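Visitor:
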Amino acid sequence: MAARGLKKDLTSYGDAEFSLFLRKAFIKAAGYSDDALDRPIVGIANTHSDFNPCHGNVPKIIEAVKRGVMLAGALPMVFPTISLHEAFSHPTSMLLRNLMAMDSEEMIRAQPMDSVVLVGGCDKTLPAQMMGAISAGKPAVIIPVGPMIVGHHKGEVLGACTDCRRLWGSFRAGKIDAAEIEAVSGRLAPSAGTCMVMGTASTMALITEALGLAIPGSAAVPSVHAERLRLAESAGHLAAAMAVSGGPKPREIVTAGAIRNAMVVLQSIGGSTNGIIHLSAIAARAGHPIDLDEFDKLGRQVPVLVDLKPSGRFYMEHFHEAGGLPRLMVELADLLDLDAPTLGGGKLGDSLTKPADRFPQEVIRPRNAPLKREGAMAVLRGNLCPRGAVIKQSAASERLLTHQGRAVVFESVEDLAARIDDPDLDVAAEDVLVLRNTGPVGAPGMPEAGYLPIPRKLATAGVTDMVRISDARMSGTAFGTIVLHIAPESAVGGPLALVRTGDMIRLDVPGRRLELLVDEAELARRRDNAVPLPALPQRGYARLFGRSVLQADEGCDFDFLQAGG
Ligand code: FES
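In this note's numbering, the protein residues as written are 1166 to 1730.
Written out as C-alpha cells, the structure is:
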C-alpha cells in the first residue's frame, strides 16, 4: 500500500525510518497528537498577502476548509505560496504567473500531503494553481475567493475595473475633475474578493468550475457571502475524501472534453482575452494543447449569453443570483461534453440546474435571444499575425470590426507613455494605433498594455474608440476594438516589427484577417535592414523567463514545463 499522510514523500537521508522519526520529532513541536499525525493529510495553499487585497477573505476561507477537512476525519495542513495581485506586481503579474505555478507544483509535490485545496482568485493565481496542480499530480480541489460586491457612486452602480477605466477616460477627457476621480477610487472596490465584472479573475474562476476543478456553483458566489464559507467547508470535506481514495487527479478531470467545455464557456460569458492564454497553458499541461482555429470555430457557434460588463450590463453578484454557471450550462448543454468527470465522482451533466429550480431572470440569456450572436473572441490570421492574434469582438465597436486605416506606431510602452498625449502627435480617429515590443519576451512578461489610451487630443474631441493592435495583453475588464496577442511577437522577429507609421492596415473581423498592406518585396527589404533583436536579461528569474517563455498562442508557459517537457 502506498505511503500516506506523514509517511509520504519523506526527506531523503538514506534511512526512511529515521526520516519519519525526525519529521515526527519536528512536527510535535507544533503540538500535534499521534492521533492527528496518523490521519490522511490535506494541504491547503494559502495565498493571503497584505499585497493582495483581492485575497482579503482567504483566512476565513481557510478556516472553513480546515473545518471541512477535520469533520471528515483528515488532518489539514496550511502552507504558503506566492500570491499575485494585478496592481502590486512590477512590471506585470504575468511575468510571475509561471513562477507561482512552479512554486505551487513543487510545494504540493515536496510536502507530505495526500490531497490539496488551493485558494486563489486574483487574475494569475487560479491559472498558476491549475497549472501547478496538474503537473504535481496529487488530487486537488480549487476554491476561488469569490467576486467583490458592487460599489455605488452618486446613485450609479460601479465595478472594478471596467468602471475604473471608463471613469479614468472621463477624467482624461476633462468630464470629471480630480476631486471626483479621487472619491470614485474609494468606491470601485468596496470589499475583499476579485473584480466583479467579467474580467480575467471572473473568467478564470468560471473556467476552473467548467474544467471540473472547483465545486459546481462556486465560481460566482460573492466573496462576502456566508455561502462561500460553506462551499469552502465542502471543498475541505471533498479533499479529505480524495486524500483517502487517492483520486481523481487533476489530469483525470482536465480531459479533452473538459477543455472544450471551458472554451465554450469562455466564448459564452464574454470572457477575458487573458482566458485563452491561460487556458492554452493549462490545456498543454494536461496534454491536450488547444487549437486556436477550433476555439475560433466554436466562437462562430457559441453566442455570448451572459449580460455582464464589459460586454453587457450586470456584475458577478447578479450572475450568481441568476444561477451562475450551472444555470448557464443549461443553455449550452447541446455544445458541452456532459459526460466530463467531476471531482465528486459524478458527471458534469449531474450539476446542471434542474428545470424545477429555474426562474425568470435577465442576466443569463436564452439561446434564442443572445447578447451577441457570436462568441466573445475571434482569432485573426494574416501577414501581421502568422501564428494568430485575438480580438474580443463582444467588447468592440461594431462599426470598427471592418476597418482600414493608417498605422501610427509606438515602439514600446515607454514610447507610448511619452507621446500619446503630445498635442503635436500626427493622429486621426480613423488611424490604427500600433504598439510593439510588448509581448512575452519583449516587455518582458506581456503586460496589459494593449488597451492603448485614446490620444488626449482625440479623447477631448469626443473619440471613444479606435482600432488598436499590439503583441501585448489587455485587462479582461477593458473594452474597445483592440487586437491583442499578435504571434510571433515583434521582439522575436514577428512581422509587427516591420510596420512603419503611415503604412495601411486592414482589420476584417468577420473574415478573421489582419493584414499589413505593404508588398512582400518591401517587407523583405525591411526584414533585411531590421534592427538586431533586443538582448535577453542576464541573470535571475528574468533570464529563465526570457529563455524559456513560449509565445501567446501556446499560453506563455515555459517550454520545459509543458506535458512531456
Ligand atoms: Fe484582483 Fe482584479 S485586481 S481580481
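Virtual Cβ for every residue (Gly too), placed ideally from N, Cα, C. Quick caveat: nothing in here was measured; it's all calculated off a predicted structure.
How long is the line joining the alpha carbons of L1264 and Q1703, rounded to whole angstroms?
Guide: For L1264 and Q1703, the distance between alpha carbons rounds to 18 Å.
Visitor: Please confirm whether any heavy atom of ligand 1 lies closer than 6 Å to the CB of A1357.
Guide: No.
Visitor: What residue ranges within the stretch 1281-1346 form continuous alpha helix (DSSP H) runs of no fewer than 4 residues, ordered along the chain?
Guide: Correct list: 1290-1301, 1327-1337.
Visitor: Is the stretch 1582-1592 close to the stretch 1642-1659, with three or more CB pairs under 8 Å?
Guide: Contact fails: fewer than three Cβ-Cβ distances are below 8 Å.
Visitor: Less than 7 Å between the C-beta atoms of L1682 and S1635, yes or no?
Guide: Contact: no.
Visitor: Run through DSSP, which three-state label would P1491 get?
Guide: It is helical.
Visitor: I1273 by DSSP, collapsed to three states: which one?
Guide: DSSP places I1273 in helix when its eight states are reduced to three.
Visitor: Could you say which of P1381, P1660, L1260, R1331 lies nearest to P1506 if we only look at CA atoms?
Guide: Looking at the Cα atoms, P1381 is the closest of the given residues.
Visitor: Would you list the residues sitting across from L1681 in a DSSP beta bridge?
Guide: Its beta-bridge partners are I1670.
Visitor: Going by DSSP in three states, K1557 sits in which element: helix, strand or coil?
Guide: In the structure shown, K1557 sits in a strand (DSSP, three-state: E or B).
Visitor: Measure the beta-carbon distance from A1707 to P1609 and round it to whole angstroms, keeping in mind my assumption that it falls under 8 Å.
Guide: Indeed they touch by this definition, with Cβ atoms about 7 Å apart.
Visitor: Where G1285 and D1342 are concerned, what is the direct C-alpha to C-alpha distance, given to the nearest angstrom?
Guide: Spanning the two alpha carbons is a distance of roughly 36 Å.
Visitor: Looking only at its own chain, which residues have a Cβ that is under 6 Å from the Cβ of E1613, when we skip the five neighbours before and after it?
Guide: The answer, listed in chain order, is R1638, M1639, S1640.
Visitor: How about S1445 and I1434: are their beta carbons less than 7 Å apart?
Guide: No.
Visitor: Rounded to whole angstroms, how far is the Cβ of A1743 from the Cβ of P1475, which I believe are closer than 8 Å?
Guide: The requested residue 1743 does not occur in the structure, where the chain is confined to residues 1166 to 1730.
Visitor: Whose C-alpha, out of W1333, F1723, A1385, is nearest the C-alpha of R1712?
Guide: The shortest C-alpha separation from R1712 is found at F1723.
Visitor: Would you list the one or two residues that DSSP bridges to S1635?
Guide: The partner list for S1635 (beta bridge, DSSP) reads L1600.
Visitor: So what's G1730 in DSSP terms, helix, strand or just coil?
Guide: Residue placement at G1730 is poorly supported in this model, since its pLDDT is 43, which falls under 50; the coordinates are not used for a value here.
Visitor: Is H1317 buried or exposed, if buried means 16 or more other CB atoms sit within 10 Å of its CB?
Guide: So H1317 ends up on the exposed side.
Visitor: Check F1725 in the structure and name its three-state DSSP category.
Guide: Here F1725 sits in coil by DSSP.
Visitor: Which first and last residues belong to the beta strand (DSSP E) in which P1520 is found?
Guide: P1520 -> no beta strand (DSSP E), and no H or E assigned at all.
Visitor: So, is D1472 buried or exposed, given that buried needs 16 or more other C-beta atoms within 10 angstroms?
Guide: Buried, since its Cβ has 16 or more Cβ neighbours within 10 Å.
Visitor: Could you tell me the distance, in whole angstroms, from the CA atom of G1411 to the CA atom of G1401?
Guide: Between G1411 and G1401, the C-alpha separation is close to 15 Å.
Visitor: With DSSP as the reference, label T1567 as helix, strand or coil.
Guide: The answer is strand: DSSP assigns T1567 an E or B state.
Visitor: Closer than 6 Å to a non-hydrogen atom of ligand 1 - does that hold for the CB of E1251?
Guide: Within the cutoff, so yes.
Visitor: At a threshold of 6 Å, does A1384 count as lining ligand 1 (C-beta to nearest heavy atom)?
Guide: No, ligand 1 has no heavy atom inside 6 Å of this Cβ.
Visitor: So does the stretch 1460-1469 actually touch the stretch 1344-1361, counting three or more Cβ pairs closer than 8 Å?
Guide: No contact exists between the stretch 1460-1469 and the stretch 1344-1361.
Visitor: Evaluate the contact criterion for the stretch 1415-1432 versus the stretch 1522-1538: three or more CB pairs, one atom per stretch, below 8 Å.
Guide: The stretch 1415-1432, when compared against the stretch 1522-1538, does not touch it at the 8 Å Cβ threshold.
Visitor: Can you determine whether any heavy atom of ligand 1 sits closer than 6 Å to the C-beta of T1293, and answer yes or no?
Guide: Checking the displayed sequence, the identity of residue 1293 turns out to be Ala instead of Thr. Answer for A1293: no, Cβ out of range of ligand 1.
Visitor: Extract the residue ranges of the alpha helix (DSSP H) inside the stretch 1446-1519, only unbroken runs of 4 or more that lie entirely within it.
Guide: The qualifying runs are 1457-1466, 1481-1486, 1489-1497.
Visitor: Assuming T1365 contacts S1254 under a Cβ cut-off of 8 Å, what Cβ separation, rounded to an integer in Å, is found between them?
Guide: So it is not a contact: roughly 13 Å between Cβ atoms.
Visitor: May I ask you to check if the CB of A1366 is nearer than 6 Å to at least one heavy atom of ligand 1?
Guide: Checking every heavy atom of ligand 1 against the Cβ of A1366, one is found closer than 6 Å.
Visitor: Let me check one thing: in DSSP terms, what residues is F1244 bridge-paired to?
Guide: BP columns for F1244 point to A1210.
Visitor: Can you confirm whether the stretch 1656-1664 touches the stretch 1511-1530 when touching is taken to mean that 3 or more C-beta pairs between the two stretches lie within less than 8 Å?
Guide: Output reads no: the stretch 1656-1664 does not touch the stretch 1511-1530.
Visitor: Measure the alpha-carbon distance for P1312 versus M1259 and round it to whole angstroms.
Guide: Approximately 20 Å between the Cα atoms of the pair.
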